[in-house]
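Undergrad: Chains as they are written, first to last, in this note's numbering: chain G, 29 to 248; chain F, 15 to 684. Before anything else, here's the structure in question.
Printed below as a string of structure tokens:
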């Protein structure tokens with residue numbers, strides 16, 4: 029049972045890393061939103077599985093929040109915003125998809141290299157979960173910096189948050205209040221970002237953030 | 015008991031500083047603050063004097079529950095601290111006495127009165143501190159309060175820049191001391207001096223601590239090339255504060271060096287005894303050469319402080335050399351000479367700064383080239399300034415001679431040192447010391463002659479009035495001390511014996527029972543000095559010479575046209591100037607040390623324009639050391655300026671890059 033529980037937990041965590049990679053190579057906004065919903069779904073399943081094997085019922089609440097808010101509310105909200113704004117539906121990357129994917133593989137290797145020795149004393153569950161979670165965080169950051177589009181930066185930011193949840197639930201005994209406050213801060217972030225998207229769109233007719241730089245007098 | 019009294023004195027001073035903040039504009043505030051400072055400093059002076067004269071190795075300690083919660087504030091008084099407290103509080107008493115008169119002319123008392131008592135308190139606290147935290151805290155308090163006093167007249171041209179450079183150098187010094195104490199405390203973090211004293215240090219650690227102490231204490235004291243702030247900041251402050259900064263605060267820095275290197279660090283290596291005197295020798299000669307090129311009276315005095323700090327460090331370095339070679343008697347002699355010079359310099363430098371302050375108040379001028387003839391207008395100030403000049407030029411029978419003579423006695427013991435490099439180096443340093451003493455005499459001939467003799471060069475000098483009684487009283491007290499320490503050096507050397515005993519384990523033979531107030535530092539067959547006899551001889555010779563001249567030469571009044579050199583109505587501007595007086599020295603030394611270049615422009619024949627002589631000098635330490643650093647900082651700032659306005663994505667990339675690099679370091683490290 030233990031062995032199986034571990035393997036399933038790793039399956040979900042690894043699946044999350046895989047979905048992060050899928051996020052990296054999306055070149056359409058709606059595709060990106062769908063993959064993000066999948067990302068949140070995998071997180072929520074993973075958290076639910078953790079709740080089951082750790083016998084920690086409060087993690088079910090976390091899983092539910094992740095499922096409802098991030099797998100449904102946020103993608104739908106972003107979808108509606110994009111439709112209403114009539115945003116250009118394609119994402120132009122800063123660096124090519126290929127290089128981004130290679131960098132992503134490097135980041136995963138790095139986080140495994142860092143995490144495995146550090147968490148050597150911890151249980152196997154925590155150890156590999158932490159490595160996967162760090163990979164997800166780094167991939168999210170990579171996504172934020174390798175895209176011009178504001179929407180993909182928002183998605184990158186949220187996938188970082190998913191990575192953090194993965195790390196937190198892997199470690200036993202994370203208080204529920206922390207998780208709920210994180211979830212709410214993500215919601216607030218969504219609202220703020222949504223407002224900003226509207227404002228940017230109103231002023232520049234695009235959500236390509238490089239337009240902002242030109243406005244600030246920066247180098248294009 | 016003594017320690018409690020001293021700490022109460024400090025508390026009263028700090029309280030006075032705080033109380034002076036709202037009360038500074040009151041009519042009586044100046045008198046009250048300085049009066050209180052005189053009283054409190056006198057009590058502290060008496061207490062410290064009693065501790066010093068009682069001697070003995072007993073030190074009393076006290077721990078107050080303030081400061082860092084797990085450390086507290088440790089205070090301790092031993093004979094070394096007591097000696098420096100005497101120096102500090104003697105300076106405080108006389109400076110406050112001078113301030114009683116001088117402070118009435120202060121335009122903005124609210125900028126001086128709150129910081130002045132705090133400055134005095136901080137200097138006392140540095141000497142009393144017995145753990146690294148308290149030491150550094152009070153050291154910074156001393157720096158900041160004196161900085162505030164430097165900035166008192168911040169609208170005068172140059173003062174703001176002086177304050178800025180002072181603040182930079184003070185921060186550098188404190189940073190060095192912070193690292194030094196960090197190394198001394200080690201990984202275990204025993205910041206109390208007792209714990210540090212009990213630790214033995216490896217050769218590398220103590221070498222680094224020595225270097226850091228030289229930077230930290232040396233930048234405050236004015237060791238070349240860390241002296242740059244000193245001639246800028248000291249003259250910028252009000253004159254009694256200049257006297258305190260130059261005469262006393264530099265001594266607190268010397269105390270810091272002695273405390274770290276002699277007391278905390280343990281046995282020295284022989285090469286310390288080469289490095290420290292060499293720095294001292296270079297400092298002495300450079301200081302006096304700078305002073306010679308300087309025609310601003312207060313700045314000249316500040317450069318002389320650099321010179322005298324050099325002399326003190328020669329003595330301290332020799333003590334290290336002898337101590338490293340197990341020659342405690344010689345080490346005690348060198349240390350006694352250095353400490354005696356600490357006392358002497360604090361006395362005559364305060365006196366000279368008071369004199370310069372009196373001249374400044376009377377004429378509003380610091381530039382010697384615009385003074386002259388003041389001996390007729392301010393005879394008493396001129397007299398005490400002459401005494402101070404003779405003392406700083408190391409002329410007998412005054413005190414400056416005795417301590418420099420003692421330093422020479424220590425230098426003459428150097429052939430007994432086993433290391434050949436020291437055998438060669440120390441006499442060379444002796445030559446530097448002799449050179450600086452001679453140049454100092456030349457410099458004060460210039461300072462006194464141009465300022466006080468001749469005829470007034472400007473109306474301001476013509477209209478000068480003698481300064482007030484309080485200021486004169488302060489100057490006469492110090493002049494009397496100069497003479498007293500010069501003719502009774504034996505008593506002062508005996509008073510220093512417990513300090514030398516505590517630091518080197520040996521002391522100079524007792525001088526008290528020697529007949530005729532003679533001093534014999536080593537053995538009578540080697541050398542001896544009798545200040546009283548010399549004084550009597552000088553007084554007698556001078557008296558009989560004046561008698562003879564007045565009796566035979568100038569008895570009859572004659573009136574005759576002077577030899578007028580073709581100019582019947584000579585203007586005061588045709589007098590010998592400070593610049594012309596130092597021209598030979600500038601040509602000999604300045605062409606190398608300062609890259610001095612003279613440029614003479616003669617008008618073409620038939621043109622009635624005046625000819626001009628322009629002298630260009632460069633400050634080598636500034637050009638070689640400070641200007642490149644300043645340029646580098648400016649360059650780095652320009653480069654970093656580009657980071658100011660990046661895009662959001664670029665900032666994120668920077669964060670991401672930093673994160674990845676840190677993770678990679680972590681990954682490789684394991």
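Beta carbons: idealized from backbone N, C-alpha and C, even for Gly.
Quick check: is the beta carbon of residue 658/F nearer than 8 angstroms to any beta carbon in chain G?
TA: Not closer than 8 angstroms to any Cβ of chain G, the Cβ of residue 658/F fails to qualify, so no.
Undergrad: So, is the C-beta of residue 123/G closer than 8 angstroms to a C-beta in chain F?
TA: No, residue 123/G does not count as interfacial toward chain F.
Undergrad: At what residues does the alpha helix (DSSP H) containing residue 89/F begin and finish?
TA: Unbroken run through residue 89/F is the beta strand (DSSP E), 87–91; no alpha helix (DSSP H).
Undergrad: Quick check on this structure: which residue in 629/F, 383/F, 29/F, 418/F has the alpha carbon closest to the alpha carbon of residue 314/F?
TA: That would be 383/F, whose Cα lies nearest to the Cα of residue 314/F.
Undergrad: Given this structure, state the Cα-to-Cα distance separating residue 84/G from residue 47/G, to the nearest angstrom.
TA: Cα to Cα, the separation comes out at about 26 angstroms.
Undergrad: Where do the N-terminal and C-terminal ends of the alpha helix (DSSP H) with residue 234/F fall, by residue?
TA: Taken as a continuous stretch (DSSP letters only), the alpha helix (DSSP H) holding residue 234/F covers 217–235.
Undergrad: What residues from chain F crowd round residue 138/G, counting only those whose CB sits closer than 8 angstroms?
TA: What residue 138/G touches in chain F: 674, 677, 678, 681.
Undergrad: Starting from residue 612/F, trace the alpha helix (DSSP H) in both directions and tell me its first and last residue.
TA: Per DSSP, residue 612/F belongs to no alpha helix (DSSP H); it is in the beta strand (DSSP E), 611–615.
Undergrad: Using DSSP's beta-bridge definition, name the partner residues of residue 77/F.
TA: According to DSSP, residue 77/F bridges with 88/F.
Undergrad: What would DSSP say about residue 522/F, mapped onto helix, strand or coil?
TA: Coil, per DSSP.
Undergrad: How many angstroms separate the CA atom of residue 123/G from the CA atom of residue 174/G?
TA: When rounded, the distance between both Cα atoms is 6 angstroms.
Undergrad: Between which residues of its own chain and residue 38/G is the CB-CB distance below 7 angstroms, once the five residues before and five after are set aside?
TA: Cβ neighbours of residue 38/G beyond the five flanking positions: 156.
Undergrad: Assuming contact is defined by CB atoms lying nearer than 8 angstroms, are residue 68/G and residue 94/G in contact in what I supplied?
TA: In this structure, residue 94/G lies closer than 8 angstroms to residue 68/G by Cβ.
Undergrad: Starting from residue 332/F and walking both ways along the alpha helix (DSSP H), at which residues does that stretch end?
TA: Residue 332/F -> alpha helix (DSSP H) spans 311–338.
Undergrad: Residues of chain F with a CB under 7 angstroms from the CB of residue 173/G: which are they?
TA: Those within 7 angstroms of residue 173/G in chain F are 663, 666, 667, 670.
Undergrad: Should residue 411/F go down as buried or exposed, given a rule of 16 or more other Cβ atoms within 10 Å for buried?
TA: By the neighbour-count rule (16 or more Cβ atoms within 10 Å), residue 411/F is buried.
Undergrad: Since residue 218/G meets chain F, which of its residues come closer than 7 angstroms, beta carbon to beta carbon?
TA: Chain F residues near residue 218/G: none, gap ~18 angstroms exceeds 7 angstroms.
Undergrad: Please report the Cβ distance between residue 536/F and residue 347/F, rounded to the nearest whole angstrom; I am assuming they are in contact, meaning their Cβ atoms lie under 8 angstroms.
TA: 7 angstroms between Cβ atoms; contact.
Undergrad: Using only alpha-carbon positions, find the residue among 111/F, 186/F, 334/F that is nearest to residue 236/F.
TA: Among 111/F, 186/F, 334/F, the Cα nearest to that of residue 236/F belongs to 186/F.
Undergrad: So which residues of chain F does residue 142/G contact, with C-beta pairs closer than 9 angstroms?
TA: Neighbours of residue 142/G on chain F, chain order: 677, 678, 680, 681, 684.
Undergrad: Which runs of the alpha helix (DSSP H) at least 4 residues long sit entirely within the stretch 109–183 of chain G? Give them in chain order.
TA: Entirely contained in the stretch 109–183 of chain G, the alpha helix (DSSP H) runs reaching 4 residues are, in chain order, 125–146, 152–173.
Undergrad: Pick helix, strand or coil for residue 84/G, following the three-state DSSP scheme.
TA: Looking at residue 84/G - three-state DSSP - the assignment turns out to be coil, as it is neither helix nor strand.
Undergrad: Hey, how far is the Cα of residue 668/F from the Cα of residue 170/G?
TA: About 11 angstroms.
Undergrad: From the DSSP output, in three-state form, read off residue 627/F for me.
TA: Here residue 627/F sits in strand by DSSP.
Undergrad: Is residue 51/G close to chain F? Criterion is C-beta to C-beta, closer than 8 angstroms.
TA: Judged by the 8 angstroms Cβ criterion, residue 51/G is not in contact with chain F.
Undergrad: So, using beta-carbon positions, are residue 265/F and residue 360/F closer together than 8 angstroms?
TA: Cβ atoms of residue 265/F and residue 360/F: closer than 8 angstroms.
Undergrad: Alpha carbon to alpha carbon, what distance is there between residue 286/F and residue 688/F?
TA: This structure cannot settle anything about residue 688/F, because the visible part of chain F is limited to 15 through 684.
Undergrad: Helix or strand or just coil, what does DSSP make of residue 601/F?
TA: Looking at residue 601/F - three-state DSSP - the assignment turns out to be helix.
Undergrad: Starting from residue 143/F, follow its DSSP beta bridges and name the residues at the other end.
TA: BP columns for residue 143/F point to 89/F.
Undergrad: Let me know if residue 655/F comes out buried or exposed under the rule of 16 or more other beta-carbons within 10 Å of its beta-carbon.
TA: Exposed.
Undergrad: Please work out which residues of its chain come closer than 8 angstroms, Cβ to Cβ, to residue 297/F, disregarding the five sequence neighbours upstream and downstream, and give them in chain order.
TA: For residue 297/F, where only same-chain residues beyond five positions count, the Cβ hits under 8 angstroms are 236, 237, 238, 241, 320, 321, 323, 324, 327.
Undergrad: With a threshold of 8 angstroms, are at least 3 pairs of Cβ atoms found where one atom belongs to the stretch 402–411 of chain F and the other to the stretch 488–504 of chain F?
TA: Judged by Cβ distances under 8 angstroms, the stretch 402–411 of chain F makes contact with the stretch 488–504 of chain F, as three or more pairs qualify.
Undergrad: Using the C-alpha atoms, what's the distance from residue 218/G back to residue 30/G?
TA: Whole-angstrom Cα-Cα distance: 38 angstroms.
Undergrad: Need the endpoints of the alpha helix (DSSP H) that residue 50/F sits in, please.
TA: Note, residue 50/F: alpha helix (DSSP H), 43–68.
Undergrad: When DSSP builds the beta bridges, which residues end up paired with residue 483/F?
TA: Bridge partners of residue 483/F: none, in fact.
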